[in-house]
Every structure is written in structure tokens, then in C-alpha cells.
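A.B. asks: Here you go, one structure.
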Amino acid sequence: MKRMSRVFLGLISLLVLMLALTGSVLAQGSDPTDDDVNAVASQLYCPVCENIPLDACGTAACEQWRGIIREKLAEGWTEDQIKDYFVAQYGDRVLAEPPRQGFNWLVYLVPALALIGGVVLLGLGFQKWRQAAVERKPADPSRKAKESSEPSDDYIRKVEEELKERSRSSK
Amino acid sequence: MKKILLWGGLLLLLVVLGVGLYRSQQGQVGVGEPAPDFELQSFSGETYRIADYQGNVVVVNFWASWCESCKPEARDLEAAYQSYRARGDVLFLGVDYVDTEPEALEYLEEFQITYPNGPDLRTEISQAFRIRGVPETFVIDKNGQIAHLQIGPFQSLDHILSVIDPLLD
Chain A
1 MKRMSRVFLG LISLLVLMLA LTGSVLAQGS DPTDDDVNAV ASQLYCPVCE
51 NIPLDACGTA ACEQWRGIIR EKLAEGWTED QIKDYFVAQY GDRVLAEPPR
101 QGFNWLVYLV PALALIGGVV LLGLGFQKWR QAAVERKPAD PSRKAKESSE
151 PSDDYIRKVE EELKERSRSS K
Chain B
172 MKKILLWGGL LLLLVVLGVG LYRSQQGQVG VGEPAPDFEL QSFSGETYRI
222 ADYQGNVVVV NFWASWCESC KPEARDLEAA YQSYRARGDV LFLGVDYVDT
272 EPEALEYLEE FQITYPNGPD LRTEISQAFR IRGVPETFVI DKNGQIAHLQ
322 IGPFQSLDHI LSVIDPLLD
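Chains A and B supply the protein sequences, listed in that same order. Quick note: the first sequence uses the working numbering, first residue 1, plus one each step. Quick note: the second sequence uses the working numbering, first residue 172, plus one each step.
Structure below.
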């Protein structure tokens, strides 16, 4: 009985191993789909057709490039390896996103700096306009009138003294 | 201080943009200008450095396998190369622009081209010559200056010979 179960376990293990191996062979040999190719192609630009990403370009040159991507994917290359290959062959300008080094930093920094500078300038401008508006604002006429109708401190003091005197004399 | 920084930054940005615009508007390296120095590694592995060929006439042809208008001149260029080959003072170099190697090799085989050809790695050679498209051919005289710029294909073998012959006298 024990021997039978050992043989059974051995067979099961062999079957699992065979399935695993078959699986890996299928994965390696499977052809990349158009979506797989376009996922890489969309990150590349062919210098011949400026401003058109490789996945959307219909020229013969771009078709050849997509063919290369398909071949490399079928060989098991990663996205980064393929992009590195294209950079080595055709230069940095094939990349949709220039690598963050050297002069390329300008591409990333200039828009951000321009935005920050713009916000700062606008803020300073608004502040100046507000100050100027406050300085130019004329005194509130209704307040002036109110102030003039209010009795002065001297007058109130005199009235209060008189009232006190009257109350004393009435007692 | 703030104002100086602001105006300095703005000026720098304008200079960078101006230089970029100027460079993009520049045409090809023109006739009479010195030819840019470059190194070409051929498909068969040899390296050609243009500075090593002072005293020779050098024909630099930019082409690509996907370029239909390159095909009519391909055989004529090979024929011209063959006609000067024995002299030894005319170098033909084919620079394969933005191409894929298998198709490029097929092209060379189809047109039976035997003079040295190699890929324009990182498009450095085409950028140095500031080409606008293919085919374009630069004929460099014995002093290293551009003697002829052919935009588009040569019309015939005679056309090519008529450009090179005067440079050999």
C-alpha cells in the first residue's frame, strides 16, 4: 500500500513538473500581440516622422521599427531593454520622455519654473494693485457725517455735570 | 536683486530658445564649408574616419531601405564606385539613416552595393551634416571641404561622374 502511494505521488510530481515546463515553453514561444508591440511603440518616436508616436505612424520606416519591437519581445526582451536598444541605434530623441540628465533637465524644469514664476508674479501684482486701491480710496462720506453729528467729549461732559447738579439740587 | 534674477532667467531662456530655433532653421552643411568629421562603422565591422582620408575625394551618401527615391540612384552609385575603384583616391561611404539592419542588408544585396556602408548610430552623422531627408549626398574635395551637395537622387551615372571628375584634376 505504501509503495503504491509512493508511485502515485511520484507520478503526480512528474505531471506537475511536465505541466510547468510546457507552460514556460508556451510563454517563451508565444507571439507578442499588437497591444504588446504598441505599448512599447507608444513610448518611442521615429525621427523621420516628427511628433508622431511610433504606434500611430504608418510610414514604412515605422513599420520596420514595430517589426523590430515584435522580434525583441518574442525573444523575451523587456521594455527597458528595447528602449535602450533604440536609443543606442538612433539616439535619445527617439524617446517620448527624454532621459533626466544634462540639458534634458530643461524640458522638465523650465515649465515648472515658468509656472511658479508666473504665480509669484501674479501674486506680487495683485498685492500692488490692492495697496494702490486702498491708498486711492476716498474717506467714507457717511462716516464723516456721522462723526460730525456725534457730540464732542466736552459737550457730553458738560451735559453730564449739569444732570448731576440738577439731581443734587432736587434732593 | 530679485529683478536681476528674473530678467537674467528670462534672458537665458530666450537665448536657449533662440539657439534651438536657429539650429532647427539651419539647412544642410553647405558647399564650401568644411566637412564635419565623423566615424562610420560599416555593417562588416570596419571603421572609417573621414579625417584619415584628407587628400581623397569622399562621397557620403545618406540613404535608407524604406526610402523609395534612394533606389533609382543605388546602382549608379555602385557603378561610379567601380569606375574610380582602381584609382584609390575616391572613397564612397554609404550612411544608412534611421533604418533597421536586416532590411538595410537586403537593400545592399538587392542593389549589389559593395562600397562601405554602415548605420548612422544615434543619428550622429546625419545631425552633423544637418540633413533634411534621404537621399542626400555630400561630395567632399581633397581639402576636406564640401564641393557638391546633392539633395535628392542623382539622375544618372553621368551625373555622378560629372560631379566627381573635376575634383580629381
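Every residue, glycine too, gets a C-beta built ideally from N, C-alpha and C. Owing to the predicted nature of the structure, the values given are computational and were not obtained by experimental measurement.
If we define contact as Cβ-Cβ less than 7 angstroms, is A:V37 a contact residue for chain C?
C.D. replies: This model lacks chain C altogether; the protein chains it does include are A and B.
A.B. asks: Taking all protein chains shown into account, do 16 or more other C-beta atoms lie within 10 angstroms of the C-beta of A:R193, making it buried, or fewer, making it exposed?
C.D. replies: Coverage of chain A is limited to positions 1 through 171, which leaves residue 193 of chain A absent and any answer about it impossible.
A.B. asks: What span of residues does the alpha helix (DSSP H) with B:F300 cover, start to end?
C.D. replies: For this step, residue 300 of chain B is matched to residue 129 along the second sequence. Per DSSP, B:F300 belongs to the alpha helix (DSSP H) from E295 to F300.
A.B. asks: What does A:P47 touch in chain B if you count any residue whose Cβ is under 7 angstroms from its own?
C.D. replies: Start at 1 with the first residue of the first sequence, and residue 47 of chain A comes out as number 47. Residues of chain B with a Cβ closer than 7 angstroms to the Cβ of A:P47 are, in chain order, V269 and T294.
A.B. asks: Could you tell me the alpha carbon to alpha carbon distance between B:L183 and B:E204, rounded to whole angstroms?
C.D. replies: Numbered from 1 along the second sequence, position 12 holds the residue referred to as residue 183 of chain B. Numbered from 1 along the second sequence, position 33 holds the residue referred to as residue 204 of chain B. When rounded, the distance between both Cα atoms is 30 angstroms.
A.B. asks: Please list, in chain order, all residues of the same chain as B:L328 whose beta carbon is under 7 angstroms from its beta carbon, the five residues on each side excluded.
C.D. replies: Position 157 of the second sequence, counted from the first residue, corresponds to residue 328 of chain B. So the list reads D247, A250 and A251, once near-sequence residues are dropped.
A.B. asks: Alpha carbon to alpha carbon, how far is A:I52 from B:E307?
C.D. replies: The residue labelled residue 52 of chain A in the question sits at position 52 within the first sequence. The residue labelled residue 307 of chain B in the question sits at position 136 within the second sequence. Rounded to the nearest angstrom, the two C-alpha atoms are 23 angstroms apart.
A.B. asks: Under 8 angstroms by Cβ, that's how I've got B:P290 and B:E277 pegged, so tell me the actual separation to the nearest angstrom.
C.D. replies: Looking up residue 290 of chain B in the second sequence gives position 119. Looking up residue 277 of chain B in the second sequence gives position 106. Actually they do not touch by this definition, with Cβ atoms about 14 angstroms apart.
A.B. asks: Could you name the residues of chain B that A:G76 contacts, counting a contact when the two beta carbons are closer than 8 angstroms?
C.D. replies: Counting from one through the first sequence, the residue named residue 76 of chain A turns up at place 76. At a beta-carbon threshold of 8 angstroms, none of the residues of chain B lie near A:G76; the nearest stands roughly 19 angstroms away.
A.B. asks: If the criterion is Cβ atoms closer than 7 angstroms, does the pair B:V310 and B:V334 meet it?
C.D. replies: Position 139 of the second sequence holds residue 310 of chain B. Position 163 of the second sequence holds residue 334 of chain B. Cβ atoms of B:V310 and B:V334: closer than 7 angstroms.
A.B. asks: Shorter than 6 angstroms, the distance from the beta carbon of A:A56 to the closest heavy atom of the ligand FAD, or not?
C.D. replies: This structure lacks the ligand FAD, and indeed carries no ligand of any kind.
A.B. asks: Pull up the distance between the alpha-carbon of A:D31 and that of A:A39, whole angstroms please.
C.D. replies: For the purposes of this step, residue 31 of chain A is taken as residue 31 along the first sequence, with counting starting at 1. For the purposes of this step, residue 39 of chain A is taken as residue 39 along the first sequence, with counting starting at 1. Taken atom to atom, the span from the alpha-carbon of A:D31 to that of A:A39 is near 15 angstroms.
A.B. asks: If contacts are defined as beta-carbon pairs under 8 angstroms, then A:A74 and A:D55 qualify, I think. What distance do you get, rounded to the angstrom?
C.D. replies: Here the question's residue 74 of chain A lines up with position 74 in the first sequence. Here the question's residue 55 of chain A lines up with position 55 in the first sequence. The pair is not a contact, with the Cβ atoms about 18 angstroms apart (cut-off 8 angstroms).
A.B. asks: Throw me the rounded Cβ distance for the B:V114 and B:I221 pair, which I believe falls under 8 angstroms.
C.D. replies: Shown here, chain B extends from 172 to 340; a query on residue 114 of chain B therefore has no answer.
A.B. asks: Taking C-beta pairs closer than 9 angstroms, name the residues in chain B that A:A41 reaches, listed in chain order.
C.D. replies: On the first sequence, position 41 is the one that residue 41 of chain A refers to. Under the 9 angstroms cutoff, chain B gives no residues; its nearest Cβ is about 14 angstroms from A:A41.
A.B. asks: Please work out which residues of its chain come closer than 8 angstroms, Cβ to Cβ, to B:F282, disregarding the five sequence neighbours upstream and downstream, and give them in chain order.
C.D. replies: Position 111 of the second sequence, counted from the first residue, corresponds to residue 282 of chain B. Contacts found: K242, A245, R246 and E249.
A.B. asks: Taking CB distances under 7 angstroms as the criterion, tell me whether A:Q131 reaches chain B.
C.D. replies: Sequence index remark: in the first sequence, residue 131 of chain A carries index 131 (1-based). So, not an interface residue.
A.B. asks: Please classify B:I284: is it buried, with 16 or more other beta-carbons within 10 angstroms of its beta-carbon, or exposed?
C.D. replies: Taking the first residue of the second sequence as position 1, residue 284 of chain B is located at position 113. The residue in question, B:I284, is buried, as its Cβ has 16 or more Cβ neighbours within 10 Å.
A.B. asks: Tell whether a beta-carbon distance below 7 angstroms holds between B:L264 and B:L338.
C.D. replies: Locating residue 264 of chain B in the second sequence gives position 93, counting from the first residue. Locating residue 338 of chain B in the second sequence gives position 167, counting from the first residue. No, the Cβ-Cβ distance between B:L264 and B:L338 is not below 7 angstroms.
A.B. asks: Any idea what DSSP makes of B:Y255, helix, strand or coil?
C.D. replies: Locating residue 255 of chain B in the second sequence gives position 84, where the first residue counts as 1. B:Y255 falls in the helix class under three-state DSSP.
A.B. asks: What residue from B:F300, B:P324 and B:H330 has the CA that sits closest to B:I317's CA?
C.D. replies: As a first step, residue 317 of chain B must be located in the second sequence, where it is residue number 146. Nearest of B:F300, B:P324 and B:H330 to B:I317, Cα basis: B:F300.
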